[in-house]
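Residue numbers (full-length UniProt numbering), protein chains in the order written: chain A, 1 to 336; chain B, 1 to 336; chain C, 1 to 386; chain D, 1 to 386.
Heads up: the structure comes next, in structure tokens.
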Amino acid sequence: MRFELSEDQQEIQRTARELLAERSSFTQVRAAGEARREDDALWAELRDLGWPGIAVDEAHGGSGLGVIELAAIAEELGRAVAPVPFLGTALAGLVVQHDASDGDRERWLPGLASGELRGAVTLPGDAVPVPGASDEGLVVVAGADGPQLHAPGSGVAVAVDAIDPTRGHGRVTVAGAAPRDGGPGGGLDRATIVVAAELVGVLQRALEATVDYVKDRKQFGVPVGSFQAVKHEAAQMLRDVEVAKVLVANAAWVADAGDQAKLSEAAALAKAAASAAGRRVSAQAIQLHGGIGFTWEADLHWLFKRAQIDAVLLGGAGHHRQRIARYAVPRAAAAV
Amino acid sequence: MRFELSEDQQEIQRTARELLAERSSFTQVRAAGEARREDDALWAELRDLGWPGIAVDEAHGGSGLGVIELAAIAEELGRAVAPVPFLGTALAGLVVQHDASDGDRERWLPGLASGELRGAVTLPGDAVPVPGASDEGLVVVAGADGPQLHAPGSGVAVAVDAIDPTRGHGRVTVAGAAPRDGGPGGGLDRATIVVAAELVGVLQRALEATVDYVKDRKQFGVPVGSFQAVKHEAAQMLRDVEVAKVLVANAAWVADAGDQAKLSEAAALAKAAASAAGRRVSAQAIQLHGGIGFTWEADLHWLFKRAQIDAVLLGGAGHHRQRIARYAVPRAAAAV
Amino acid sequence: MDLTFTPEQTAFQEELRTWFAANRPTDPPDDEDAAYQWRRQWQKTLHGAGLAGVHWPKEYGGRGATLSETAIFFEELGRAGAPLPADVLGLLLAGPTLMVWGSQEQKDRLLPTILDAEESWCQGFSEPDAGSDFGAVKTRAVKDGDDWVVTGQKVWTSGAQYAKWCMLVARTGDPAEAGGPAKHKGLTYFVLDMESPGVEVRPLVQITGSPEFNELFLDEVRIPDSAVVGGVGNGWKVALTTLMNERAGLAFFLQVRLRQQLDALVDRAAGAGGTDGVIDDPVVADKIADLHLRTEALRLLAWKGLTAIERYGQPGPEGSLGKWLWSETNQQLVEVAADVFGSEALIDGEPWAYELLRARGNSIEGGTTEIQKNIVAERVLGLPRV
Amino acid sequence: MDLTFTPEQTAFQEELRTWFAANRPTDPPDDEDAAYQWRRQWQKTLHGAGLAGVHWPKEYGGRGATLSETAIFFEELGRAGAPLPADVLGLLLAGPTLMVWGSQEQKDRLLPTILDAEESWCQGFSEPDAGSDFGAVKTRAVKDGDDWVVTGQKVWTSGAQYAKWCMLVARTGDPAEAGGPAKHKGLTYFVLDMESPGVEVRPLVQITGSPEFNELFLDEVRIPDSAVVGGVGNGWKVALTTLMNERAGLAFFLQVRLRQQLDALVDRAAGAGGTDGVIDDPVVADKIADLHLRTEALRLLAWKGLTAIERYGQPGPEGSLGKWLWSETNQQLVEVAADVFGSEALIDGEPWAYELLRARGNSIEGGTTEIQKNIVAERVLGLPRV
């Protein structure tokens, strides 16, 4: 029982954090966001480093690592609000690899792993702007009967300007109900965990920025962070983030340990916690910054906006809580 | 538009408060609660003053006043946690008067109005300990097809020791679903409002006791009420109480104005607000008293325990919110 | 208890409904400057009907409406889906403040052009390092002959780019008093002519992308002594008058707007599930019921507060609670909307997406929620300041 | 990441499961004194199997279990539905404190009778006017020859009626220091023999009706100088050792108990609607899912905290968050139970009614939620104290 990343995993995370601190500072995020243009140079660099294919099988051109490593990278990209089409591409890779046919794997995985082909994943019946969804990429609709793969040029995705302007989004309107489980091979579950991991990174950054601000900012002659109300709200932010973190870490571990029986429940727990925290923590970060936090200049809004999308992508907190309740019943029946 | 009690109504409330301050102090409540025996002398006195029949038609031996006056008295009895079988008797009077047949009115109202006959009201399918329900009294089960009246000796009520030991309760197990509306003549709606009014009285007392305590009690060398966290929690208590208060006042007014179309919605709003506040405020009162608040000696628990029962009697917050949602839809359709 | 209007109030309400139905403005233009001119034109239309300053005394060109009538006016304005007049700061804040504290000369010069929308106002109270703390104001005014020379910076000055006048609070006492025990003593309230040399307005863009507010930079701006309001060193008291006026009528307007947003949301939520005019998802129904409950409570609290003011001359706890409850409710509403409306709440330029972002400001602007809770605890419940 | 047990840990877990299955205690008697003796007997049974002090070093008669093994022990104890040993204060607090600070003589005399349940302990830290504020301790100890003469009052001393010994903190310095800047300096930690003349224990009844705690009155009680632990004036440091030990193993026990309560609730909620093993009411399902989420998070936080201690020698933020999250979750659980179980949660003597009342103490005992949040903000996030 060791509840922390291994040395190798920590090294991956540290490297990602250092690279993105340099290459995806708020100045750079702002430049991309204000122009509504992803950072192609950064994306090329990440492709060269093999990030899009980190969890794709080696047979299909990836690095063959697990959800833990992919989640660590997604968390860092979230923390940096990196303006690249990483998330959708990585999610599509997971669903194709675990839930699709051999033929589809061979057809699509090499492109997704290299990042040459962009990808996106969404649920049927959902109207959320989908990061990465475009007519130039592969659009995966993860339905109750397994994933439908919409090839580039299918017209299923219509480009939209989402409130998060730091990456491209598409609207994908396909009827149907969201699946109750997490994909025939657990691919959708894994994708759900990775969205939650990105969200945790966003929130961790929002918390850190807030703590730094309230230590520094003075009002009524003292740092605002010395007011008990501010302290307690910051403590609540930390609690929300920590709860999401341990559930995401657990889910990633369950995925890589291959414990298929527990995967759907673990994924639903991770996403429900991250989605709920996503709205609360990103909003509270603005609140504790006061008027400054509400300005375009303050950079918090990049975090807030990405958090709003991630919070509903592949199902919001309410959707996953209904799933959790279904898993709770047999568990209780077994225990009582 | 005058959002306060009239002079006459204020006089009724003031008289009730003064009498109960004298006759239902915490010392007296404690004596009754620890012995699990209602205060018969106080009940006799209230009967002599005509309280049980305040809202019963004069034709049936009551005073013919309205829900506003009855709610004002119920609020004071709640504030005093008075150990008398007033609530159930008054509720039964309302339902019989507004929802029952002429024959039943003539048969039951005089006894209820004088307090010679005790009463109780509950919903079918509900398993809540019902204040006043006993085999010696009239038990009203307010169902979807109107009230079923169970005469004394019917055996429908089984005496139980509820967590609130200051008055008698019975368990009434009758199958069926709770009605969506509030009784054919609005009697059940009126009863619901009066429960909410009693609850508001309980909470108002809990708030006042808490504010007094935190002003007085010192820790770390200053009154605990000077800590911002305590201030904000007390402010939240006030807000909860004020929201419940205005909705109860409005519902009582709608009832007496005879606006049948708006009555069910107003009653549901009042009870949903009072029930939600009931749990939060009574719990927070204990919290802000610290360890002392958790002792038998501190008297807060009489308020807490009565609040728990009132919060679920005739439907809890969740039940009434589902009703409110039904009323919200046609309202929105008319407005949009 | 009497929750009905008097016959006079009902007549006024009906008069307003008829008038708003006949004079409903066209849809606003997209362009920001054009939208301002459109709201200015709307104010002129209101003024033409004697409705620009219903709460202003007749001697100043108003209608002399009672508090209740003023409340009815703002409820009906909101219910008609009509915008607030362009110079709401002049009508609600500057005008009433000048009526109390202004010299005869100031009243004669400044009041008429507020009503007819010829000259509009902005408010120069907040500063970058002051936030909610008035005593920390650093903008300095130094006497030089018959003038004051003013240097400093203000923030959150909405409408500054269109304003002719600014309600300006500056420090005329010892600068060292800022933040100290005598921090409120050295403040003075001025009327600043925004066309004076040394005044610079820079837009401050919000997270919505709109420059709803501005920063105001003052570099040795000369203000004549005759522009002091209420006397030198009396600025804190004068400013309090302004602040007390801030939410009187607006509470009714905001409450009705909230009701309209909620109705639109409920209509969609019911239609989405779409069987028989109920909300099919009980979890959504539960949340919407709570929003409905809060919105109804806000309406009742506003009226209860008015009763307290009319009968006892001072507000009850309702006013202080209202801002807090309103902002929280509006923020919850936009989150439920994001669930119910899906994409529409997350795509730039869609009204619900704007609301989702804009609502974050509700608990900050006009006194943060933390400040509102302090006020409730200290001034309503009487808890000790420390 | 590795969330599996080592083969040794799995073996220990299996050993415990087997042992608990074979040695599950009978149902507790209703009578309070009899119930205490029943728990004392249970501790003797544990001791007979070497399980009373698994975390105690072997030199003191323990099993020398690692932190992880200790966690496994408390998880399995809870999972078996077995009670905590009678003298949990001696085993978790007094024993470990004496191991650090006690004299050889104290260890020899006091440690063995903790393990075998021959003598039990209570804790004399809190006072009526001190609450969470250690520095406000007023109980005085004055040196008189070889003895200390102690007078004062303590509260919340659970188990005092059965205790032979009390961990007592009293003020040996200037009484004027209480609450002052040097408030922690004049404190001394004593082992008090509860059979000494002048010791009076009065039961303090809780809102549940049970006298779970006591008040402890000390009237010129004589304590020999040899009963000082860790030196005169060093009481604050010694007491901190006691407090640091307070929740180590208990977190795992409480987390598992919460899981059991929740499972019972879920089972009932699913049975109540009763169609196909799902919870039919989506609003209840939503709440139960959140409880399930929190309970699972508590389990993971507890293990994450253990990793931090094992690897870095100090706890991460998990410990401070755990108490707060646990108490809030348990309080939410009993409210959902009141909705799901109806009457059973509102009738005196029913287990769920007891839980409903008892849960209110969770956010007060062992440091209020307000204090926990302060700790998280100041010690974990590093926000300034003032």
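Cβ coordinates follow ideal geometry from the N, Cα and C atoms, glycine included.
Since this is a predicted model, take the numbers as computed values, not measurements.
Min CB distance residue i to chain B below 8 Å
i	result
residue 273/D	Interpretation of residue 273/D is limited by its pLDDT of 49, a score under 50 that renders its predicted location unreliable; the figure taken from the coordinates is listed afterwards. No, residue 273/D lies away from the interface with chain B (no Cβ there is under 8 Å from its Cβ).
residue 158/C	no
residue 220/A	no
Nearest residue (CA-CA) to residue i, options the options
i	options	result
residue 98/C	113/C, 85/C, 84/C, 86/C	113/C
residue 380/D	288/A, 237/A, 275/A, 316/A	237/A
residue 256/B	65/B, 38/B, 41/B	65/B
residue 47/B	115/B, 142/B, 80/B, 195/B	115/B
residue 2/B	304/C, 314/C, 338/C	304/C
residue 371/D	221/B, 230/B, 20/B	230/B
residue 256/D	18/D, 154/D, 80/D	80/D
residue 26/C	12/C, 45/C, 368/C, 13/C	45/C
residue 147/C	117/C, 191/C, 180/C, 298/C	191/C
residue 151/D	188/D, 221/D, 369/D, 90/D	221/D
residue 164/D	201/D, 263/D, 32/D	201/D
residue 149/A	169/A, 91/A, 35/A	91/A
residue 245/B	297/C, 22/C, 100/C	297/C
residue 300/A	310/A, 286/A, 312/A, 182/A	286/A
residue 193/B	26/B, 316/B, 175/B, 288/B	316/B
residue 160/A	175/A, 135/A, 152/A	135/A
residue 76/C	352/C, 283/C, 260/C	260/C
residue 260/B	179/B, 63/B, 184/B, 119/B	184/B
Within-8 Å CB hit, residue i to chain C
i	result
residue 228/D	no
residue 123/B	no
Beta-ladder partner(s) of residue i, from DSSP
i	result
residue 202/C	215/C
residue 347/D	162/B
residue 148/C	143/C, 223/C
residue 154/C	216/C
Span of the alpha helix (DSSP H) around residue i
i	result
residue 48/A	40-48
residue 122/A	No alpha helix (DSSP H) contains residue 122/A, which is instead part of the beta strand (DSSP E) from 119-122.
residue 284/A	260-288
residue 108/B	102-114
residue 88/B	86-99
Span of the beta strand (DSSP E), counted from its first residue to its last, around residue i
i	result
residue 171/C	165-171
residue 140/D	140-144
Which of helix, strand or coil DSSP assigns to residue i
i	result
residue 161/D	coil
residue 190/C	strand
residue 56/D	coil
residue 144/B	coil
residue 29/A	helix
residue 16/D	helix
Proximity test, Cβ basis, 8 Å: residue i and chain D
i	result
residue 128/B	yes
residue 282/C	yes
residue 226/A	yes
Cutoff 8 Å: residue i Cβ touching any chain A Cβ
i	result
residue 361/C	yes
residue 19/C	no
residue 159/B	no
residue 337/D	no
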